[in-house]
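Notes follow once the structure below has been shown.
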């Protein structure tokens, strides 16, 4: 299993702090191109499994804007709905931070 990620420790800290501040305690995975060390650039794909789903749509937008501003990169956030969804199966192959 790949445990390396194309984000530095400060970027990971920003992601964790932002997601947990907005969504509350959550499981967070980085997936997609940021988990492939042979690639360059790309957006940051984040999978969030929150404990609280209240106002989830607004929280997702707020997190996406805050992270884009803080990381200077495009960010995609997938919120857990159904582990049988193809995107969620793929996201769970990512790296938990």
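Residue numbers (our numbering): 167 to 263. Glycine is no exception: its CB is placed at the ideal position from the N, C-alpha and C atoms.
Query raised in the report: In the DSSP assignment, what residue or residues form a beta bridge with residue 192?
Result: 216
Query raised in the report: Residues bridged to residue 197 by DSSP?
Result: 211
Query raised in the report: Apart from the five residues on each side of it in sequence, which residues of its chain come closer than 8 Å, Cβ to Cβ, to residue 180?
Result: 233, 236, 237
Requested in this report: Would you decide whether residue 249 is buried or exposed? Buried here means 16 or more other CB atoms lie within 10 Å of its CB.
Outcome: exposed
Query raised in the report: How long is the line joining the alpha carbons of residue 200 and residue 231, rounded to whole angstroms?
Result: 19 Å
Query raised in the report: Roughly how many angstroms separate the alpha carbons of residue 171 and residue 217, rounded to a whole number?
Result: 25 Å
Report task. Could you check if residue 208 is buried or exposed, using at least 16 other CB atoms within 10 Å of its CB as the buried criterion? Result -> exposed
**Report entry** Among 173, 259, 243, 253, nearest to residue 192 - alpha-carbon criterion
**Finding:** 243
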